[in-house]
Amino acid sequence: MIGTPLLKGATKFLILGSGELGKEIVIEAQRLGIECVAVDRYQNAPAMQVAHRSYVINMRDYDALFSIIEREEPDFVIPEIEAINIDALLDAESFTEVIPNAEAVKITMNRELLRRLAAEKLKLKTAKYEFATNLEELKEAVEKLGYPCVVKPIMSSSGKGQSIIKDEKDIEKAYNKAKEARGSSEKLIVEEFIDFDYEITLLTAKSEDIKFCEPIGHIQKDGDYIMSWQPHNMPDELKNEAKNIAEKIVSALGGRGIFGVEMFVKNDEVIFSEVSPRPHDTGMVTMITQEMSEFEIHVRSILTLPISTKLLTPGASYAIKANINKYAPKYDIKDALKVENVKIRLFGKPNATIGRRMGVILAHAENVDKAKELVKKAAELIKIC
Ligand SMILES: Nc1ncnc2c1ncn2[C@@H]1O[C@H](COP(=O)(O)OP(=O)(O)OP(=O)(O)O)[C@@H](O)[C@H]1O
Ligand SMILES: NCC(=O)N[C@@H]1O[C@H](COP(=O)([O-])[O-])[C@@H](O)[C@H]1O
Ligand SMILES: [Mg+2]
Numbered sequence: 001m002i003g004t005p006l007l008k009g010a011t012k013f014l015i016l017g018s019g020e021l022g023k024e025i026v027i028e029a030q031r032l033g034i035e036c037v038a039v040d041r042y043q044n045a046p047a048m049q050v051a052h053r054s055y056v057i058n059m060r061d062y063d064a065l066f067s068i069i070e071r072e073e074p075d076f077v078i079p080e081i082e083a084i085n086i087d088a089l090l091d092a093e094s095f096t097e098v099i100p101n102a103e104a105v106k107i108t109m110n111r112e113l114l115r116r117l118a119a120e121k122l123k124l125k126t127a128k129y130e131f132a133t134n135l136e137e138l139k140e141a142v143e144k145l146g147y148p149c150v151v152k153p154i155m156s157s158s159g160k161g162q163s164i165i166k167d168e169k170d171i172e173k174a175y176n177k178a179k180e181a182r183g184s185s186e187k188l189i190v191e192e193f194i195d196f197d198y199e200i201t202l203l204t205a206k207s208e209d210i211k212f213c214e215p216i217g218h219i220q221k222d223g224d225y226i227m228s229w230q231p232h233n234m235p236d237e238l239k240n241e242a243k244n245i246a247e248k249i250v251s252a253l254g255g256r257g258i259f260g261v262e263m264f265v266k267n268d269e270v271i272f273s274e275v276s277p278r279p280h281d282t283g284m285v286t287m288i289t290q291e292m293s294e295f296e297i298h299v300r301s302i303l304t305l306p307i308s309t310k311l312l313t314p315g316a317s318y319a320i321k322a323n324i325n326k327y328a329p330k331y332d333i334k335d336a337l338k339v340e341n342v343k344i345r346l347f348g349k350p351n352a353t354i355g356r357r358m359g360v361i362l363a364h365a366e367n368v369d370k371a372k373e374l375v376k377k378a379a380e381l382i383k384i385c
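Just so you know, we're using full-length UniProt numbering here: the sequence shown kicks off at 1 and counts up by one.
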């Protein structure tokens with residue numbers, strides 16, 4: 001049963017993190033008459049612009065976060081980013097439901113806890129890894145793993161604070177970069193560099209049962225997504241192996257919602273990388289390819305409503321990144337929209353900084369190669385000033 005927003009008995013979502021992914025979650029929830037409250041660290045974040053109400057707080061602060069959850073008494077608390085005070089979520093579970101559940105959020109926001117679960121408990125194949133809390137330990141970890149290797153803060157996203165160490169002189173630079181990242185870097189993970197053939201996100205919907213979307217292929221630069229496409233064609237055995245891995249990790253995490261299970265494929269091996277207990281940036285392509293986007297699937301899974309993971313057409317997505325630092329930027333998208341089958345979403349972030357994701361280009365086509373061509377062509381025609 002769904003109530004009426006803003007009135008007694010409303011069904012209420014509290015979304016923690018109000019970026020582009022949260023914005024689409026809110027839009028889908030609004031379509032079903034859900035009352036939406038958006039939270040983030042800055043004013044007029046994308047999801048706040050489409051929610052009923054919003055709060056600007058430091059979400060890593062227990063008191064600030066817990067008092068908002070207490071005050072709002074939402075039916076569902078929906079984390080949208082990693083950097084959230086986990087104790088507030090654990091405590092809030094006594095009177096509300098956290099999606100997928102506070103323990104799963106805790107594990108997936110922390111690369112060490114996730115490795116303990118995925119590699120050590122579930123025995124999933126992952127890149128070899130070590131942890132370090134200071135420069136000395138980082139040097140030792142790199143020595144054990146060899147070159148090249150990848151360093152990441154224990155908690156971060158979109159590649160923030162991540163670097164590849166190719167030789168000894170990169171170590172200190174990588175250490176400083178990781179330490180400066182948003183999120184949490186009191187500990188670092190060092191991973192063996194996997195020279196993969198390709199990488200995929202397998203969107204996995206967990207509600208009353210588990211359903212898989214078609215694999216999404218993607219290209220990342222400096223740990224951040226540039227382009228994705230769906231379906232990513234791969235041999236049936238590897239696809240089944242990817243589904244097995246996704247089913248194992250998602251079942252171990254529990255709860256409901258969509259999960260983005262990231263995997264590398266090298267030769268005939270599927271290697272687990274990480275999992276987001278929420279829609280995934282590379283999954284924005286589903287806004288044009290699937291009968292239900294990953295956001296609609298997330299909302300419906302939360303509400304235990306029927307879902308479909310059906311692919312309607314091949315498609316691609318391409319991130320629109322700012323090439324200037326500018327408050328209240330303007331976008332010229334007219335020429336880009338002349339490219340056939342192209343749609344554009346601008347997130348409306350108030351502040352552009354170089355490299356920040358400000359929008360996304362989507363295109364459908366008869367095959368993924370054509371769709372990739374279309375989004376790349378449109379990307380060249382967008383001007384931000
Ligand atoms: N061990 C590795 N070997 C090779 N490439 C890697 C490795 N780890 C990460 N990468 C590359 O960096 C990208 C981002 O890594 P990862 O997903 O761990 O970072 P993240 O900050 O959590 O990103 P996001 O929040 O976007 O998922 C991967 O998709 C992959 O392209
Ligand atoms: N890979 C995770 C990811 O894409 N997360 C998305 O980016 C936003 C932060 O953007 P910002 O850094 O530009 O504020 C988050 O709120 C989320 O929507
Ligand atoms: Mg990732």
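Think of the CB as a built atom: it goes at the ideal place given N, C-alpha and C, for glycine as much as any other residue.
Small disclaimer: the values here were computed from a predicted structure and weren't measured.
So Leu312 is in the beta strand (DSSP E); what residue range does that whole segment cover?
-> For Leu312, there is no enclosing beta strand (DSSP E), since its DSSP letter is neither H nor E.
Going by C-alpha distance, which of Ala119, Arg300 and Ile216 is nearest Ile232?
-> Here the sequence assigns His to residue 232, which means Ile is not the residue at that position. For His232, the closest C-alpha among the options Ala119, Arg300 and Ile216 is that of Ile216.
Closest by CA to Leu114, which one among Gln162, Val375, Ile57 and Lys248?
-> Closest by C-alpha distance to Leu114, out of Gln162, Val375, Ile57 and Lys248, is Lys248.
So is the beta-carbon of Val150 under 7 Å away from any non-hydrogen atom of ligand 1?
-> Answer for Val150: yes, Cβ within range of ligand 1.
For the stretch 205-277, list the beta strand (DSSP E) runs that are entirely contained and at least 3 residues long, ordered along the chain.
-> Within the stretch 205-277, the complete beta strand (DSSP E) segments at least 3 residues long are 210-212, 216-221, 224-230, 257-266 and 269-276, listed from N- to C-terminus.
Under a three-way DSSP split, which group does Lys12 fall into?
-> In the structure shown, Lys12 sits in a strand (DSSP, three-state: E or B).
Run through DSSP, which three-state label would Arg345 get?
-> Three-state result, Arg345: strand.
Report buried or exposed for Asp209, applying the criterion of at least 16 other Cβ atoms within 10 angstroms of its Cβ.
-> Exposed: under 16 other Cβ atoms inside 10 Å.
Meets three-Cβ-pair contact criterion under 8 Å: the stretch 180-195 and the stretch 123-143 = Under the 8 Å Cβ criterion, the stretch 180-195 counts as touching the stretch 123-143, having at least three qualifying pairs.
How long is the line joining the alpha carbons of His218 and Asn351, rounded to whole angstroms?
-> Each residue's Cα considered, the two are about 26 Å apart.
Looking only at DSSP bridge pairs, what is Phe76 linked to?
-> BP columns for Phe76 point to Phe13 and Glu97.
When burial is assigned at 16 or more other CB atoms within 10 Å of the CB, is Asp40 buried or exposed?
-> Asp40 comes out buried.
Lys8 versus Ile354 - alpha carbon distance = Rounded to whole angstroms, Lys8 to Ile354 spans 44 Å at the Cα level.
For ligand 2, any of its heavy atoms closer than 7 Å to the Cβ of Asp281?
-> Yes, Cβ of Asp281 sits closer than 7 Å to a heavy atom of ligand 2.
Measure the Cβ-Cβ separation of Thr289 and Gln230 and say whether it is below 8 Å.
-> Cβ atoms of Thr289 and Gln230: closer than 8 Å.
From the DSSP output, in three-state form, read off His280 for me.
-> Here DSSP, grouped into helix, strand and coil, assigns His280 to coil.
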